[in-house]
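Its first residue numbered 301, the sequence shown is counted upward by one per residue in the numbering used here.
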Amino acid sequence: MARQYEQEYQRSIKHREAFWREKSALISWYERPEVILSKDEHNCYRWYADGELNTAYLALDYHVENGRGDQPALIYDSPVTGSGCTYTYAELTQQTAQFAGVLSELGVGKGDRVIIYMPMVPEAVIAMLACARIGAVHSVVFGGFAANELAVRIDDARPKVILSASCGIEVDKVIAYKPLLDRAVEAAGHKPDHCVILQREQERAAMKPARDHDWNELMAKAKPVDPVPVIATDPLYILYTSGTTGKPKGVVRDNGGHAVAMRYSMELIYDVGPGDVFWAASDVGWVVGHSYIVYAPLITGCTTVLYEGKPVNTPDAGAFWRVCAEHKVKVLFTAPTAFRAMRKADPEAKLMSSYDLGCLERIYLAGERLDPPTYDWLREKTGLPVYDHWWQTETAWAIAGNPVGLGACPVKPGSATLPAPGYAVHVLDSQGNNCEPLEQGSVVIKLPLPPGCLPTVWGDPQRFQSAYLDSFPGYYMSGDGGYFDEDGYLFIMGRTDDVINVAGHRLSTGEMEEVIARHPAVAECAVIGISDELKGQVPVGLVLLKNGVNVDPLQLEADLITRVRDEVGAVASFKHALVVERLPKTRSGKILRRVLRDIADGMDYKVPSTIDDPAILDEIHSQFSTFRRRRMA
301 MARQYEQEYQ RSIKHREAFW REKSALISWY ERPEVILSKD EHNCYRWYAD GELNTAYLAL
361 DYHVENGRGD QPALIYDSPV TGSGCTYTYA ELTQQTAQFA GVLSELGVGK GDRVIIYMPM
421 VPEAVIAMLA CARIGAVHSV VFGGFAANEL AVRIDDARPK VILSASCGIE VDKVIAYKPL
481 LDRAVEAAGH KPDHCVILQR EQERAAMKPA RDHDWNELMA KAKPVDPVPV IATDPLYILY
541 TSGTTGKPKG VVRDNGGHAV AMRYSMELIY DVGPGDVFWA ASDVGWVVGH SYIVYAPLIT
601 GCTTVLYEGK PVNTPDAGAF WRVCAEHKVK VLFTAPTAFR AMRKADPEAK LMSSYDLGCL
661 ERIYLAGERL DPPTYDWLRE KTGLPVYDHW WQTETAWAIA GNPVGLGACP VKPGSATLPA
721 PGYAVHVLDS QGNNCEPLEQ GSVVIKLPLP PGCLPTVWGD PQRFQSAYLD SFPGYYMSGD
781 GGYFDEDGYL FIMGRTDDVI NVAGHRLSTG EMEEVIARHP AVAECAVIGI SDELKGQVPV
841 GLVLLKNGVN VDPLQLEADL ITRVRDEVGA VASFKHALVV ERLPKTRSGK ILRRVLRDIA
901 DGMDYKVPST IDDPAILDEI HSQFSTFRRR RMA
């Protein structure tokens, strides 16, 4: 364990306010904060409550003013369209200021919400930064989500304006966004004042008079606006994460603590600085895109890469290596599922040899557990350091990782390494006692959470309390289970709730169950996540039919797949539904999901003492044995 890390970590826990006062100097403030840690009217912890700043200024104007205007800020690489371009800091600042003028002309001001429903194009980044520039609150919704999912977010965020595009481009198809947007607005109770549409060459959208506006037409007549100072505790964005109830939670990110955490994390975890090329191969719809495509790299003065493509099939499994070589990427960060797809398509990594990767120094993985086989493959084929780290939508940056900026620690495959400074991580048993080394329990963080983490849930502070704080008073409950080893290394073993992780995307099984349960033939159902070599986890539905109903199981499965795809989105990867006679439950009626997952994955399982009828497990075991053979065929 690096001595420098140990000193930094202990200082962050024992002298918290002094530590974060020091780190606040990493960014430029309009008014430097004197109140470092406080509580708001809802008794929630807040950082830098009297500080004033502007996040877009930090990400753009600051660098122009300090002589970096000609440096590349954003590289757009789009193999699905065969196009790309580069924006310097000066150019990105000008575009952002101009689109901020568009929003201002549409009546958007400080505190107003703007939903961004766009593909991976530079305009999506410009939209986010433009909102930040005028103090508006953006909420990016991943373009793969279905209309009803977008409608739920519209009703929760109540945006004044929605920004979208005519379409998104996939490997083998064009996805029309505008019809999805129209259906979502129609279904939502709240109606936006305006929708701004970026028309793409691949498919143009029909516009609704009065409500809809053409992006380029508005930009042509807009006047640029200057950054607007905001209080550090003012919200920067809302990002929705799945909840076990099926209703998504709006994670709130503030401006001040977030900016400090982003800047600090780039030094601590990734060891990069101004001028370095940093590529987070994610989507702006997810927290990785917010933190490490947009805000952290730009606040730091890096060059960030925006990639509209896939790890395979655009055109092949060498796509990531091409991007790294062509754009001189120093640090690559993506989800393990990307490399599992590449390993499946190119197991010997022969395509890697076509590219000069002398620029690439380190590879980082997060979003789901980095399984040792994928780690070993990457290390063997690249010869580079490969670092796992663990964090969540709620935290915005690493809870645990390898503190490379303070001196890299030895890697233990399967471990996220060490808690990051600021995070007092504990593993507790069901009674709230600290677990012994190697003993699994609930991974929690002693309050207060460090800067950058969510201070509340949008519009519902009580839900913040009930979802994260009530289970272990005085601690934030991560929802993940794991353990520390004898050296203090943290191992995260998976979710303790019913949210599953599909290719790095956290999805609610409860949400899928609601869709399945609406089928007229279904009496009851359960959705569980099972292990998948490529995606980490995929959902499987277990379905009980209504009495007297006689349907073809394969046809029912096809119907349910279509329903989940239409209502949750293709990102759910729902492709399997089994008709079962009964579901294993406790005597109180709770479905034994963990037991189901163990059976589905072919693992040993314990029969809970609370089970209503143990014989059900034999029936389920038999069906899943058949199911596994079917998957392997």
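We treat Cβ as the ideally placed atom computed from N, Cα and C, and that holds for glycine. Nothing here was measured: the structure is a model prediction, and the numbers come from that model.
Residue i versus residue j - alpha carbon distance
{"i": "G759", "j": "R458", "result": "11 Å"}
{"i": "T637", "j": "V335", "result": "42 Å"}
{"i": "Y723", "j": "P748", "result": "9 Å"}
{"i": "E331", "j": "V530", "result": "10 Å"}
{"i": "S925", "j": "L917", "result": "12 Å"}
{"i": "A821", "j": "G714", "result": "42 Å"}
{"i": "I800", "j": "H590", "result": "21 Å"}
{"i": "A302", "j": "C709", "result": "6 Å"}
{"i": "L360", "j": "P527", "result": "10 Å"}
{"i": "H921", "j": "D852", "result": "22 Å"}
{"i": "G732", "j": "G774", "result": "10 Å"}
{"i": "V588", "j": "A596", "result": "10 Å"}
{"i": "M652", "j": "R622", "result": "8 Å"}
{"i": "T544", "j": "V802", "result": "No answer about T544 holds up, because its pLDDT of 48 lies below 50 and its placement is not dependable."}
{"i": "S464", "j": "D785", "result": "47 Å"}
{"i": "A506", "j": "V757", "result": "35 Å"}
{"i": "A641", "j": "D377", "result": "20 Å"}
{"i": "A700", "j": "Y783", "result": "12 Å"}
{"i": "A580", "j": "P737", "result": "33 Å"}
Residue closest to residue i, alpha-carbon to alpha-carbon, out of the options
{"i": "A397", "options": "C385, T355, S378 and G384", "result": "T355"}
{"i": "W515", "options": "R483, P422 and D646", "result": "P422"}
{"i": "G556", "options": "P755, H342, V686 and P524", "result": "P755"}
{"i": "Y607", "options": "N366, T634 and V440", "result": "T634"}
{"i": "G585", "options": "T693, S654 and V686", "result": "T693"}
{"i": "D676", "options": "W697, G658 and K712", "result": "K712"}
{"i": "S466", "options": "D472, P479 and D616", "result": "P479"}
{"i": "V868", "options": "E813, I830 and D904", "result": "E813"}
{"i": "P548", "options": "W621, Y595 and R763", "result": "R763"}
{"i": "V525", "options": "L684, V408, D898 and L337", "result": "V408"}
{"i": "Y687", "options": "A696, N702 and L374", "result": "N702"}
{"i": "D491", "options": "V414, V612, V572 and G705", "result": "The question names Asp, but residue 491 in the sequence shown is Lys. Measuring from the Cα of K491, the nearest candidate turns out to be V414."}
{"i": "V496", "options": "G411, C385 and L403", "result": "L403"}
{"i": "G435", "options": "D412, D455 and P673", "result": "D412"}
{"i": "L856", "options": "D866, A870 and G841", "result": "G841"}
{"i": "H342", "options": "E501, Y789, P761 and L539", "result": "P761"}
{"i": "V849", "options": "H819, G836 and A826", "result": "H819"}
Segment limits, alpha helix (DSSP H) that includes residue i
{"i": "T674", "result": "P672 to T682"}
Within-8 Å CB hit, residue i to chain D
{"i": "T693", "result": "Here there is only one protein chain, and chain D is not present."}
Residue environment, residue i, which counts as buried when at least 16 other CB atoms sit within 10 Å
{"i": "S730", "result": "exposed"}
{"i": "K314", "result": "exposed"}
{"i": "A520", "result": "exposed"}
{"i": "E317", "result": "exposed"}
{"i": "L353", "result": "buried"}
{"i": "E449", "result": "buried"}
{"i": "S862", "result": "One detail in the question is off: residue 862 reads as Thr in this sequence, not Ser. Exposed, because fewer than 16 other Cβ atoms sit within 10 Å of the Cβ of T862."}
{"i": "L678", "result": "buried"}
{"i": "N847", "result": "exposed"}
{"i": "K644", "result": "exposed"}
{"i": "Q310", "result": "exposed"}
{"i": "G575", "result": "exposed"}
{"i": "G382", "result": "exposed"}
{"i": "E739", "result": "exposed"}
Which residues DSSP lists as bridging residue i, in chain order
{"i": "F633", "result": "A580 and Y664"}
{"i": "P719", "result": "A700"}
{"i": "T388", "result": "P372"}
{"i": "L844", "result": "E824"}
{"i": "T541", "result": "K549"}
{"i": "R413", "result": "V437"}
{"i": "W347", "result": "L337"}
{"i": "I745", "result": "V725 and Y776"}
{"i": "W515", "result": "Its beta-bridge partners do not exist; DSSP assigns none."}
{"i": "D832", "result": "G836"}
{"i": "T600", "result": "DSSP, once it has assigned bridges, lists no residue as partnering T600."}
Limits of the unbroken beta strand (DSSP E) element including residue i
{"i": "M793", "result": "L790 to R795"}
{"i": "N801", "result": "V799 to V802"}
{"i": "C495", "result": "H494 to L498"}
{"i": "F784", "result": "Y775 to F784"}
{"i": "D571", "result": "Unbroken run through D571: none, as it is neither H nor E."}
{"i": "L878", "result": "A877 to V879"}
{"i": "L463", "result": "V461 to A465"}
{"i": "A476", "result": "V474 to A476"}
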